[in-house]
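S.K.:
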Amino acid sequence: MKPVTVKWQRNLFIGTFIVPTFVFFCIFTIYPVVQALYYSLFDWSGMSENKTFIWFDNFKDMFRDPIVWRAVGNDYFLVAGKIVGIMILATFFAVALTRFNFKLAGFFRSIFFIPNVISVVVIGVLWNFIYNPQIGFLNAFLSLFTKEKVDIAWLGFTSHTIWMLLPPAIWAGIGFYMILIIAAIQNIPASFYEASELEGAGQWHQFRTITVPLVWEQLKVSIINIMMTTLNGSFVIVWIMTEGGPDNSTQVMGSYLYQMAFRQYHFGFAAAIGVLILVLSLITTIVLQRLLHQETVELS
Amino acid sequence: MALNRKTAALGIAAMVALMPLAGCGSSNNDNAGGASGSSSPSPSASASPSESASASPSESASASPSASQTKLTGDFEIQYFVGGYGDKWWKKVIADFKAANPDLNVIEDGGPKINDQNKPRWIGGNPPDFVYIDGPNLNDRQMVEDGQLEDLTEWLQTATNIDGDKILDILAQAPQQYDGKIYNIPLVLNSWGIFWDKALFKEKGWTEPANFDEFLQASDKIKADGITPFIHTGKYPYYINGAFLYPAIVSNNNDDYTILQDMAANKIDAYKSPAVLAALNQIVQLRDKGFIDKASIQINHTDSQMLFLQHKDAFIPNGLWLPNEMAKDVPQGFDFGFIPSITQKAGGKVVANTSTATVAIAKKAKNKEAAKAFLQFIFSKAQASQWAELSGAPSNIKGDISNSNAPNFVKDAAKYLTDPNTVVIPTITFNADVDKAMQDATDALTINKITPEEWVKRVTDVVAKVQK
Amino acid sequence: MKAGIRNPVVKIIFYAILVLWGLSVLYPLLWTLLDALKDNEQFLLHSPWALPDMPLLWSNFSYVWNKYNFNQYFLNSIVVTGGSTLLGLLLSASTAYVLARYRFKGSNALYLLYISSMMVPFILALIPLFFLMNSLHLINTAIGLIFVYASSVLAFGIFVLVGFFKSLPKELEEASIMDGASHYGTFFRVMLPLSQPGLVTVAIVNVLNIWNEYIVGTILINDPKHYTLPVEIGIMQAEMQYRTEWGPLFAALMVTIVPVLVIYILFQRKIASGITAGAVK
Chain A
26 MKPVTVKWQR NLFIGTFIVP TFVFFCIFTI YPVVQALYYS LFDWSGMSEN KTFIWFDNFK
86 DMFRDPIVWR AVGNDYFLVA GKIVGIMILA TFFAVALTRF NFKLAGFFRS IFFIPNVISV
146 VVIGVLWNFI YNPQIGFLNA FLSLFTKEKV DIAWLGFTSH TIWMLLPPAI WAGIGFYMIL
206 IIAAIQNIPA SFYEASELEG AGQWHQFRTI TVPLVWEQLK VSIINIMMTT LNGSFVIVWI
266 MTEGGPDNST QVMGSYLYQM AFRQYHFGFA AAIGVLILVL SLITTIVLQR LLHQETVELS
Chain B
3 MALNRKTAAL GIAAMVALMP LAGCGSSNND NAGGASGSSS PSPSASASPS ESASASPSES
63 ASASPSASQT KLTGDFEIQY FVGGYGDKWW KKVIADFKAA NPDLNVIEDG GPKINDQNKP
123 RWIGGNPPDF VYIDGPNLND RQMVEDGQLE DLTEWLQTAT NIDGDKILDI LAQAPQQYDG
183 KIYNIPLVLN SWGIFWDKAL FKEKGWTEPA NFDEFLQASD KIKADGITPF IHTGKYPYYI
243 NGAFLYPAIV SNNNDDYTIL QDMAANKIDA YKSPAVLAAL NQIVQLRDKG FIDKASIQIN
303 HTDSQMLFLQ HKDAFIPNGL WLPNEMAKDV PQGFDFGFIP SITQKAGGKV VANTSTATVA
363 IAKKAKNKEA AKAFLQFIFS KAQASQWAEL SGAPSNIKGD ISNSNAPNFV KDAAKYLTDP
423 NTVVIPTITF NADVDKAMQD ATDALTINKI TPEEWVKRVT DVVAKVQK
Chain C
418 MKAGIRNPVV KIIFYAILVL WGLSVLYPLL WTLLDALKDN EQFLLHSPWA LPDMPLLWSN
478 FSYVWNKYNF NQYFLNSIVV TGGSTLLGLL LSASTAYVLA RYRFKGSNAL YLLYISSMMV
538 PFILALIPLF FLMNSLHLIN TAIGLIFVYA SSVLAFGIFV LVGFFKSLPK ELEEASIMDG
598 ASHYGTFFRV MLPLSQPGLV TVAIVNVLNI WNEYIVGTIL INDPKHYTLP VEIGIMQAEM
658 QYRTEWGPLF AALMVTIVPV LVIYILFQRK IASGITAGAV K
């Protein structure tokens, strides 16, 4: 074969394997997103035929809107809370179910993953019933220990209501990360632990010197993933449970985007919020990568 | 990193919630009636659909071809939201209309989520021909501003219904005007107000209130008897705004409702009026006396209504669709007491804040002829009483329904709205941003997060922004 | 081998934590079932953990089942999920293979483009997406939904599979080329079968996601004939919550949870190993 034909064949192969996917991706993903970004420069209701090009006015408005800042704060609260809550519990469960020789470990593992296969609507409806002040589970439970009937409106505090959305988010998220970390732990050669045991190291010591450093990559991926999915997707549980209320105290960027686009008819402004989410996700990813990278070095 | 998409898409999947729960969050006063109505196709109203219905529609049916001189053909698509008023009337009237126009292919787009489902078609410039504007996520003011609706101003000047009556003359409440133009016609006329259970009041020896002082006195007693006096729908604060705050503003403004119209027209001075502050302070009184059920802030309308029906709370601000909406959950012996407003002084007039649901023709309708003929068809006396019977709500067509089979509370409502001593506020749609700001602020006020002055400040800030 | 926990107190505490968490997961399911058998009165008057009164209201289930055409929705969901998973797999595997094994101008940029698209907030694209599908006449079609879903899972598939292909020894391909196989032959006959664990990972994660996807379905499908299961659940959920049909609402939730749960129980090993296979590489 001539080299030219070989090269041509190679290129043809690359082309046929790259181009269809890329075209598909451009049409159904890139194009709508780019168009949405473009809309962020317009004053547009989303329904009207008239769009007014207003440069960056949507962004200016956005930075002046106190609700946007509250939403950003709530988002990062959820990011931080979920990272701490999910990572601690998921890591604990993963270690407990692999290293502690518990009976029924397999059973627990199966059970713990269940929330991840349940649709988020169902989760939202369930937790709404748990928090319901009159017929809810939580108040009824607390009332067992008090003289008077407890009537706390769990989703109606004057501030910090966002705290109440953390438990369902953690509850629903743990199983997945637990499975990941379990797999990582199981990949660690048993000899590492055996050697350490011969030296008389306890579980805690093993955890610190063997488990954490060797599953660090998965922990890191989990943390970054929790961050990204929270910024992009946490509004779902928010919307199901509180619609951002009362008085915007549980608003996150995504729910505010939805509110603005589909309830208050400011599609351009909503698109600008979308851009904000995108930018913050990127920045936070980079920052987290840096932070977590340094720690790896320290530990190993 | 495999999880990445997993959770991300789980998130997307989760948006399940968005639309359904969007259910009642309509930030639009006008829609509130329907939104709240997004509940039960109540069985009670439908007890005897056939009797009185059978006579009239067939007559009107035969009359219709003459009204629309040309024969109607082609496709004709109707979008109607199905909420608390149910869809029995729509099914019936469409069947009648079909019978009158056998060559017309009528397509029904009905359902509790139709507003969301059809929204893309409105955006995409391919809307149905005819739309019933009710329920969440459909704001008439916005549709007008977006140029989605056909200008009916001229047509209505002469349009008559199939009985030959001029449509504008037979409407109880005139269509809302946008810069002097008419785009949608009110079909349903309803009122906000305060409910209680007469039977419970009798049993406990409480006095049914007729003004604010009596309301406070009754609430004191109720509270002393261990029942929470007042519950509202905090998740959707347009209930307390519509049934309590707006009538209160009018009462405090010497029964002059133009203040609300000025507010809707984004005039800042109207918001700064002492009447607004006085009305807000009435809410503060309820709050500070501990009359407001703490559960209110986080619950939706059906939950709050349920608690009210179970006598956990004595009063609830709501709309006249309530008895119908909750029909199957009303306990034995429950007897609805109702007053359109409770914030007036002793001897003051009752203020009824109306809530309408309207119908309109899409600007991009493909069969405007049929749509207009359908308007002429539904705005008839026969269909009005049929509406009252099948939907359990007063129609916007004048006429005595006391002899019809409509349920009693519908007749009561009609009585209130035609009483000369009642101040009837025509339905007002606020700008969506302002409306949302008022809802949020009222919620904040009820949980002692802000003062009435801060309420005004917040809302006027938004109004100033909207004005630009 | 494994030492386990030596201190019995610590061991008991740890066990207690596991059991508590297990209960917190299982109890809501049980609760859903019990509540599905209650009427509104029982919701209001009895404590939330009270058992339903006799006779059990199984009628809530038949009510839900008769009112909604579940068979159709299951079928639609299977078609859409299956179709988009396969299409997504084909498109991402082909590109992932090239990106993992061939260097060409822009290959890095392309990879980064796919990966970074995972960070884009999806709701942003909804309205433009609708316009697009509208002009392509793909509204209200299963194929339209399949295209969008397949496209939405590309980035993830490429991400996992590039890693997977890279982990496979190069010698295999070289041998295959030596034997005179074309690039295509090498891919389909050698590499694809070898990458089966990676493909399974991607497929499982995608199936779970697409099966539960709601928002795109609602926007692109408004004809009840074509509803997928989640779209129908959304509608059902909205209707029932606003009709204060608490019992039927829980029955409906149960009806939708059970099939997923059965699938999970049957395939849990595969699912767990599927998720991790990609992630651990």
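Protein chains in written order, with this note's numbering: chain A, 26 to 325; chain B, 3 to 470; chain C, 418 to 698.
Built from N, CA and C at the ideal position, the CB exists for glycine as well.
Output the boundary residues of the alpha helix (DSSP H) element that contains B:Ile449.
M.R.: Indexing the second sequence from 1 puts residue 449 of chain B at position 447. Taken as a continuous stretch (DSSP letters only), B:Ile449 belongs to no alpha helix (DSSP H), as it is neither H nor E.
S.K.: Which residues of chain B have a Cβ atom closer than 8 Å to the Cβ of C:Phe547, listed in chain order?
M.R.: Translated into positions along the third sequence, residue 547 of chain C becomes position 130. Per Cβ cutoff of 8 Å: Pro122, Ile125 and Gly126.
S.K.: Would C:Trp482 pass as an interface residue toward chain A - the criterion being a Cβ-Cβ separation below 8 Å?
M.R.: On the third sequence, residue 482 of chain C is found 65 positions in, with the first residue counted as 1. With 8 Å as the cut-off, C:Trp482 does not count as an interface residue toward chain A.
S.K.: Can you check which of these residues, B:Gly349, B:Gln179 and B:Tyr87, is closest to B:Pro211 by C-alpha distance?
M.R.: Here the question's residue 211 of chain B lines up with position 209 in the second sequence. For B:Pro211, the nearest C-alpha among the options comes from B:Gly349.
S.K.: List the residues of chain B whose Cβ lies closer than 8 Å to the Cβ of A:Leu180, in chain order.
M.R.: The residue given as residue 180 of chain A occupies position 155 in the first sequence. Ordered by position in chain B, the residues that pass the 8 Å Cβ test against A:Leu180 are Ile299 and Gln300.
S.K.: Can a CB atom of chain C be found closer than 8 Å to the CB of A:Ser70?
M.R.: The count along the first sequence starts at 1 and reaches residue 70 of chain A at position 45. No, its Cβ sits nowhere closer than 8 Å to a Cβ of chain C.
S.K.: For a test of the three-state rule: what should DSSP assign to B:Lys467, helix, strand or coil?
M.R.: Translated into positions along the second sequence, residue 467 of chain B becomes position 465. Here B:Lys467 sits in helix by DSSP.
S.K.: Check for me: the alpha helix (DSSP H) holding B:Pro177 runs from which residue to which?
M.R.: To locate residue 177 of chain B, count along the second sequence from 1; it is residue 175. Taken as a continuous stretch (DSSP letters only), B:Pro177 belongs to no alpha helix (DSSP H), as it is neither H nor E.
S.K.: Would you identify the three-state DSSP class for C:Leu474, choosing helix, strand or coil?
M.R.: Against the third sequence, residue 474 of chain C aligns to sequence position 57. Three-state result, C:Leu474: coil.
S.K.: B:Ile80 lies in the beta strand (DSSP E); which residues open and close that run?
M.R.: Sequence index remark: in the second sequence, residue 80 of chain B carries index 78 (1-based). Residues Gly76 to Phe83.
S.K.: Of all the options A:Arg124, A:Gln34, A:Arg35 and A:Leu37, which has the alpha carbon lying nearest to the alpha carbon of A:Ile235?
M.R.: Here residue 235 of chain A refers to the residue found at position 210 when the first sequence is read from its first residue. Closest by alpha carbon: A:Arg124.
S.K.: If you draw a straight line from the alpha carbon of C:Leu670 to that of C:Ile650, how long is it in whole angstroms?
M.R.: Position 253 of the third sequence, counted from the first residue, corresponds to residue 670 of chain C. Position 233 of the third sequence, counted from the first residue, corresponds to residue 650 of chain C. The alpha-carbon atoms of C:Leu670 and C:Ile650 are separated by roughly 8 Å.
S.K.: Suppose you measure from the CA of B:Asp445 to the CA of B:Leu191; what does that come to, to the nearest Å?
M.R.: Indexing the second sequence from 1 puts residue 445 of chain B at position 443. Indexing the second sequence from 1 puts residue 191 of chain B at position 189. So the alpha carbons of these two residues sit roughly 27 Å apart.
S.K.: Give a yes or no on whether the minimum CB-CB distance between C:Tyr644 and chain A is below 8 Å.
M.R.: Along the third sequence, read from residue 1 onward, the residue named residue 644 of chain C stands at position 227. False, the Cβ-Cβ gap to chain A never drops below 8 Å.
S.K.: Residues bridged to A:Gly258 by DSSP?
M.R.: If you number the first sequence from 1, residue 258 of chain A lands on position 233. None, per the DSSP bridge assignment.
S.K.: In whole angstroms, what is the alpha-carbon distance linking A:Phe118 and A:Phe232?
M.R.: Taking the first sequence and counting its residues from 1, the one referred to as residue 118 of chain A is at position 93. Taking the first sequence and counting its residues from 1, the one referred to as residue 232 of chain A is at position 207. Near 13 Å, if we compare the C-alpha coordinates of A:Phe232 and A:Phe118.
S.K.: Going by alpha carbons, who is nearest to B:Pro231 out of B:Gly292, B:Ser253 and B:Phe336?
M.R.: Mapped onto the second sequence, residue 231 of chain B falls at position 229. Nearest option by C-alpha distance: B:Gly292.
S.K.: For chain B, find out if any of its Cβ atoms is closer than 8 Å to the Cβ of A:Tyr290; answer yes or no.
M.R.: In the first sequence, residue 290 of chain A corresponds to position 265, counting from 1. At least one chain B Cβ lies under 8 Å of A:Tyr290.
S.K.: For the stretch 189 to 255 of chain B, which segments carrying the beta strand (DSSP E) assignment without a break, of at least 3 residues, lie completely within its bounds, in sequence order?
M.R.: Whole beta strand (DSSP E) segments, 3+ residues: 230 to 232.
S.K.: How about C:Leu506 and C:Leu637: are their beta carbons less than 8 Å apart?
M.R.: Taking the third sequence and counting its residues from 1, the one referred to as residue 506 of chain C is at position 89. Taking the third sequence and counting its residues from 1, the one referred to as residue 637 of chain C is at position 220. No. Outside cutoff.
S.K.: Leaving out five residues before and five after B:Lys400 in sequence, what residues of the same chain have Cβ atoms less than 8 Å from its Cβ?
M.R.: Stepping through the second sequence from its first residue, residue 400 of chain B is reached at position 398. Answer for B:Lys400: Ile172, Leu173 and Ala174, listed in chain order.
S.K.: Would you mind giving the Cβ-Cβ distance between C:Ile621 and C:Ile688, rounded to the nearest angstrom? I have them listed as a contact below 8 Å.
M.R.: The count along the third sequence starts at 1 and reaches residue 621 of chain C at position 204. The count along the third sequence starts at 1 and reaches residue 688 of chain C at position 271. The Cβ separation is near 6 Å, so the contact holds.
S.K.: Any C-beta of chain A within less than 9 Å: which residues of the stretch 605 to 626 of chain C qualify?
M.R.: Against chain A - using a Cβ distance shorter than 9 Å - the residues of the stretch 605 to 626 of chain C are Leu625.
S.K.: Should C:Asn424 go down as buried or exposed, given a rule of 16 or more other Cβ atoms within 10 Å for buried?
M.R.: In the third sequence, counting from the first residue as 1, residue 424 of chain C sits at position 7. Exposed, by the Cβ-count rule.
S.K.: Between which residues of its own chain and A:Gly198 is the CB-CB distance below 6 Å, once the five residues before and five after are set aside?
M.R.: In the first sequence, residue 198 of chain A corresponds to position 173, counting from 1. Here the set comprises Ile111.
S.K.: DSSP on B:Val426, reduced to helix/strand/coil?
M.R.: Residue mapping note: residue 426 of chain B aligns to position 424 of the second sequence, counting from 1. B:Val426 falls in the strand class under three-state DSSP.
S.K.: So for B:Asp105, helix, strand or coil by DSSP?
M.R.: For the purposes of this step, residue 105 of chain B is taken as the residue at position 103 of the second sequence. Note: B:Asp105 maps to coil in three-state DSSP.
S.K.: For a quick check, are the C-beta atoms of A:Phe67 and A:Gly293 less than 8 Å apart?
M.R.: The sequence position of residue 67 of chain A within the first sequence is 42, counting from 1. The sequence position of residue 293 of chain A within the first sequence is 268, counting from 1. For A:Phe67 and A:Gly293, yes; Cβs fall inside 8 Å.
S.K.: When burial is assigned at 16 or more other CB atoms within 10 Å of the CB, is B:Gly244 buried or exposed?
M.R.: Position 242 of the second sequence, counted from the first residue, corresponds to residue 244 of chain B. Counting Cβ neighbours within 10 Å, B:Gly244 comes out buried, since at least 16 surround it.
S.K.: Quick check on this structure: which residue in C:Phe667, C:Val624, C:Leu549 and C:Leu435 has the alpha carbon closest to the alpha carbon of A:Ile136?
M.R.: By one-based count along the first sequence, residue 136 of chain A stands at place 111. Out of C:Phe667, C:Val624, C:Leu549 and C:Leu435, C:Leu435 has the C-alpha closest to the C-alpha of A:Ile136.
S.K.: Apart from the five residues just before and just after B:Ala4, which ones in its own chain have a Cβ nearer than 6 Å to its Cβ?
M.R.: Indexing the second sequence from 1 puts residue 4 of chain B at position 2. Caution applies to B:Ala4, whose pLDDT of 36 falls short of 50 and renders its modelled position unreliable; the model cannot decide the point.
S.K.: Apart from the five residues just before and just after C:Val624, which ones in its own chain have a Cβ nearer than 7 Å to its Cβ?
M.R.: Counting from 1 along the third sequence, the entry for residue 624 of chain C is found at position 207. For C:Val624, where only same-chain residues beyond five positions count, the Cβ hits under 7 Å are Thr498 and Thr502.
S.K.: Using CA atoms only, rank isn't needed, just tell me which of C:Leu683, C:Leu454, C:Val442 and C:Val427 is closest to C:Trp663.
M.R.: The residue labelled residue 663 of chain C in the question sits at position 246 within the third sequence. Measuring from the Cα of C:Trp663, the nearest candidate turns out to be C:Leu454.
S.K.: Say whether chain A places a C-beta atom closer than 8 Å to the C-beta of B:Asn139.
M.R.: Reading the second sequence from its first residue, position 137 is the one you call residue 139 of chain B. Yes - at least one Cβ of chain A is within 8 Å of the one on B:Asn139.
S.K.: I need the DSSP call for B:Val361, collapsed to helix, strand or coil.
M.R.: In the second sequence, counting from the first residue as 1, residue 361 of chain B sits at position 359. Strand at B:Val361.
S.K.: Measuring alpha carbon to alpha carbon, tell me which of A:Ala105, A:Trp69, A:Asn36 and A:Cys51 ends up nearest A:Leu313.
M.R.: If you number the first sequence from 1, residue 313 of chain A lands on position 288. If we check each option's Cα against that of A:Leu313, A:Ala105 comes out closest.
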